[in-house]
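Student:
2 protein chains.
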Amino acid sequence: MNVQLHGRHPLVDQIVEGIKQQIDERHLRPGGRVPSIRGFAETHKVSRFTVVEAYDRLVALGYLESRRGSGFYATSRRNGEAALKDEERPRTADLVWLIRRLLTQRDGVALAGAPWIPSDWLDEAGMRRALRALSREKQILDFGDPRGHAPLRSQLELMLAELDIPVSSSQILLTEGTSQALDLIMRRLLRPGDTALVDDPGYYNLFGNLRQHGVRLAGVPRGPDGPDTATLERLARQHQPKVYFTQSVMQNPTGTAMSPHVAFRVLQIAERCGFMVVEDDVCCDLDGPGPRLATLDRLNRVIYVRSFSKTLAGSLRVGFIACRGDLAAELLDLKMLTSITSSQLAERLVHAALVDGHYRKSLTRLRERIRLARERAVLALERAGMELFVEPKAGMFLWARFGHIDDSLPLAEEALAEGVMLAPGTVFRPGLEPSPWMRFNVAMCEDPRLRALLERIASRA
Amino acid sequence: MNVQLHGRHPLVDQIVEGIKQQIDERHLRPGGRVPSIRGFAETHKVSRFTVVEAYDRLVALGYLESRRGSGFYATSRRNGEAALKDEERPRTADLVWLIRRLLTQRDGVALAGAPWIPSDWLDEAGMRRALRALSREKQILDFGDPRGHAPLRSQLELMLAELDIPVSSSQILLTEGTSQALDLIMRRLLRPGDTALVDDPGYYNLFGNLRQHGVRLAGVPRGPDGPDTATLERLARQHQPKVYFTQSVMQNPTGTAMSPHVAFRVLQIAERCGFMVVEDDVCCDLDGPGPRLATLDRLNRVIYVRSFSKTLAGSLRVGFIACRGDLAAELLDLKMLTSITSSQLAERLVHAALVDGHYRKSLTRLRERIRLARERAVLALERAGMELFVEPKAGMFLWARFGHIDDSLPLAEEALAEGVMLAPGTVFRPGLEPSPWMRFNVAMCEDPRLRALLERIASRA
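Same order as they appear, the protein sequences are chains A and B.
Numbering of the first sequence is given in this note's numbering, commencing with residue 7 and proceeding in unit increments.
Numbering of the second sequence is given in this note's numbering, commencing with residue 7 and proceeding in unit increments.
(1) With a threshold of 7 Å on Cβ separation, who are the neighbours of residue 319 of chain A within its own chain once the five nearest residues in sequence on each side are excluded?
(2) With a threshold of 16 other CB atoms inside 10 Å of the CB of residue 119 of chain A, please say whether the residue is buried or exposed.
(3) Could you say which of A/333, A/231, A/435 and A/448 lies nearest to residue 376 of chain A if we only look at CA atoms?
(4) With DSSP as the reference, label residue 344 of chain A as helix, strand or coil.
(5) Three Cβ pairs or more, each shorter than 8 Å: is that satisfied between the segment 344-351 of chain A and the segment 145-162 of chain A?
(6) Using a 10 Å radius around the Cβ and a threshold of 16 neighbouring Cβ atoms, would you call residue 454 of chain B buried or exposed?
(7) Which runs of the alpha helix (DSSP H) at least 4 residues long sit entirely within the segment 50-77 of chain B? Give them in chain order.
(8) Can you pull the DSSP bridge partners for residue 444 of chain B?
(9) Pick helix, strand or coil for residue 139 of chain A, following the three-state DSSP scheme.
(10) Mind reading off the beta-carbon distance from residue 272 of chain A to residue 283 of chain A? Whole number of angstroms is fine, and I expect it under 8 Å.
(11) From residue 156 of chain A to residue 310 of chain A, what distance separates their C-alpha atoms?
(12) Less than 7 Å between CB atoms is the rule here; does residue 258 of chain B satisfy it with respect to chain A?
(13) Just tell me which of A/251, A/343 and A/316 has its CA closest to the CA of residue 218 of chain B.
(14) Return the chain-ordered list of same chain residues with a C-beta closer than 8 Å to the C-beta of residue 192 of chain B, the five sequence neighbours on each side being excluded.
(15) Does the separation of the CB atoms of residue 431 of chain A and residue 444 of chain A fall below 7 Å?
(16) Applying the criterion that 16 or more other CB atoms from any shown protein chain within 10 Å of the CB defines a buried residue, is residue 257 of chain B buried or exposed?
(17) Of the residues that make up the segment 129-142 of chain B, which ones have a beta carbon closer than 7 Å to any beta carbon in chain A?
(18) Would you check if the distance between the CB atom of residue 411 of chain B and the CB atom of residue 442 of chain B is smaller than 7 Å?
(19) Check the Cβ-Cβ distances between residue 125 of chain A and every residue of chain C, and say whether any is below 7 Å.
(20) With DSSP as the reference, please indicate the residues paired to residue 272 of chain B in a beta bridge.
(21) If we count the other Cβ atoms within 10 Å of its Cβ and call it buried at 16 or more, is residue 114 of chain B buried or exposed?
(22) Mind checking the segment 188-217 of chain B against chain A and listing, in chain order, the residues whose C-beta falls within less than 8 Å of any C-beta there?
(23) Assess, as a yes-or-no matter, whether the segment 227-239 of chain A is touched by the segment 225-236 of chain B under the definition of 3 or more beta carbon pairs within less than 8 Å.
(24) Can you check whether the CB of residue 28 of chain B is closer than 7 Å to the CB of residue 34 of chain B?
(25) Between which two residues does the alpha helix (DSSP H) holding residue 368 of chain A run?
(26) What residues of chain B sit near residue 146 of chain A, judged by a beta carbon separation below 9 Å?
(27) Entirely within the segment 129-193 of chain B and at least 3 residues each: give me those beta strand (DSSP E) ranges in chain order.
(28) Which first and last residues belong to the alpha helix (DSSP H) in which residue 210 of chain A is found?
(29) What's the call for residue 361 of chain A, buried or exposed, on a 16-neighbour Cβ count within 10 Å?
(30) Could you confirm whether any beta carbon from chain A is found closer than 7 Å to the beta carbon of residue 390 of chain B?
(31) Taking buried to mean at least 16 other C-beta atoms within 10 Å of its own C-beta, is residue 316 of chain B buried or exposed?
(32) Within 8 Å, do at least three Cβ pairs link the segment 290-299 of chain B to the segment 386-405 of chain B?
(33) What three-state label does DSSP hand residue 462 of chain A in the structure shown?
(34) What does DSSP give as the partner residue(s) for residue 313 of chain A in the beta ladder?
(35) Got a sec: is the Cβ-Cβ distance from residue 149 of chain A to anything in chain B below 7 Å?
(36) In the DSSP assignment, find the unbroken alpha helix (DSSP H) run with residue 415 of chain B in it and report its ends.
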């Protein structure tokens, strides 16, 4: 705990405010222990009486609780607050704790586990052009069509045709990133107590949101060729799920792609057991056109989801759903009810960027740069004695482990203290089970601190 | 029903596709009747056999069902779809039906009931400047801080200080419009089966989303001075709600403001009965600074919500929550889990627009323009023999009724056929109960079609 004492206010106030802030901003977690009175007094060179008074006030405010003989702890619930959402809450709290660390602890940290492409690899000049182009367009202030900006939906129709996924633009619903897309789908198709099938390992934000909805997760083990279809079928028969959330290619975190045979089997099982398949193709533009589940199924049982956060800009929050027309109409209703509409300005920016002649060229450059980075990162991890789950053919993720380590979470904690953010495997597991694996972002693997860290860990084997 | 037959495809295909589209896009509602075979054949000048074949195929596809002796109807559920979300669904379906009409039926319609200010009343030149300014900024591609763009949060801190609501920027969470703000709050504080207090009449999107969450609504009647506090207290004791959602000033739809005494009583009851008050101040910038619930309470029991959709642009989708620090931290967790982050680009645009010296001037102009429009609209409605609920001192809404009409919904249906969109009172009621009242947008009341319509209705008295 790091409380700064140097203000003009009384010392007790400073301590109270400092600890309140630590708790509010979750540097100190609910249930976490604060230093002993003596310890705090010595560290901060203040009298014990001052600390006693501050801790007493924090107890009165509901921030701390004292446990007899054991010291003071941050309370897990504040007064006047609603009851816990569900029994899964503590586990979800751990997850958001980790997500928050990913998103907020950035400055000067080597983000080897981060899920985004560095901004300076993207086409910032293109975005500047799009902004200037938009500044000359008309009617830029309106709410716009709740289905999303019509010219962008038409453009997406063309882009999906390239993947051999024929749709009409009325089957496309624009959303605020894939997050809102997945959120609308789970709100429409799932209710509390339902079980959903997910990839194990898979996408942690999805898992967290599903749990928040009271949905139970059944994890389908992901192998080098895609999900283990025997387990998929067994779980489907056991739980009668309505939905299986998956990624066919460039899967997060493993980087694996479904083989055509596995994709076919998945759809066969979906048909037989009567569930829908949500295909999250968020990394799509990092690879050339190629078959997806939606290509085989033509949006009968597949709901296709994608965004532009990876290849245009994370700052846009524009994604979309392509699905059956009747379901698209229902999801539109839900979108209007919960968010009225998505940002027409952001959608116009995406449209301007996509129709700009430079987009395809910039994608080609980006893919090549990622390919080279992937090759270098593979070599670096192997040189450090790590085992790769697969050597992916596309995308930005590598999934790797040390043979002598059973749980990578302590490793990630240790690394963070040295300025390197790793993504421990446990975060990607439906039940946050321990895992030896870690996700690496190939674009972030050049940092010498990472290399040094990996070598040191390898030397402990 | 309006099916166009003029394509190059076989007639049966054209009919099938046309009716599918009508159903998918909800021009034909679930349970709605399609024309009889003979009727359709005569209208479209095709043979009855063709229609029979098309209807049969639509039945096979699950789009239509035939009821013996009664004809063909759009099915209320499609095959393979999930079960209905809850027993409230039909009612919610009616609501989204109306919202959709508000949002999508725009071209050439006089939008007297619409909730937005016409774009040409807003500062489009200012937005163009903001876009150009943004095109010169750095790091415009990043996801950004999940709490929202820090300079904008600092700016909001200053703006809230003008309302005498002291906050630190760590208490401010940026959201995608007030919609996401309200959504996060209900997800955090309410669970299915809970009862929430709301204003009657009040904000329909809020009601729809609450119902979608499985939350029951208890309506507190809104009087000229604010909510009826005796009923508020009775309902609070009866239902033990965790939250009361309200608007203190420029309430949607009545245009009323809470008197200081009523505001004080509301907070007293909240304290006594232990619920939080969510104050939606979405129209804030349409009026000068003045006391809000949050001014009295200083964000102890009040959660303050606002956006820039009304005064900057509906196309931005930027709003915020200001609340207690510990709750802000919890809502941030939920935001990261469900949407990762909001659009940093949109937030930078808002920041650029707010710090531009023209914003205050443009607000002054806008307020004056709305004041004049309000005065004219009041005169026009009174001249047509309508009764006003109150004559509001600020804001864009008037709430009015004809003495001889009990339910304004049929009136709104009639008006739409004549190119005038009215907002019937039933939409604003927690249980969609009938209402004689209608909401008028003062900025949209100049249209001669509206004037003519009102005069004709008045003449029927």
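The beta-carbon is built from N, C-alpha and C at its ideal position, and this holds for glycine as well.
Tutor: In short:
(1) 128 and 133
(2) buried
(3) A/448
(4) helix
(5) yes
(6) exposed
(7) 54-66
(8) B/406 and B/430
(9) helix
(10) 7 Å
(11) 18 Å
(12) no
(13) A/343
(14) 202, 215, 216, 219, 221 and 249
(15) yes
(16) buried
(17) 130, 133, 134, 137, 138, 140 and 141
(18) yes
(19) Of the chains in the structure shown, none is chain C; the protein chains are A and B.
(20) DSSP output for residue 272 of chain B lists no bridge partner at all.
(21) exposed
(22) 189, 193, 194, 195, 196, 197, 198, 211, 214 and 215
(23) no
(24) yes
(25) 364-389
(26) 125, 130, 133, 134, 137, 319 and 321
(27) 178-181
(28) 210-218
(29) exposed
(30) no
(31) buried
(32) yes
(33) helix
(34) A/325
(35) yes
(36) 415-423
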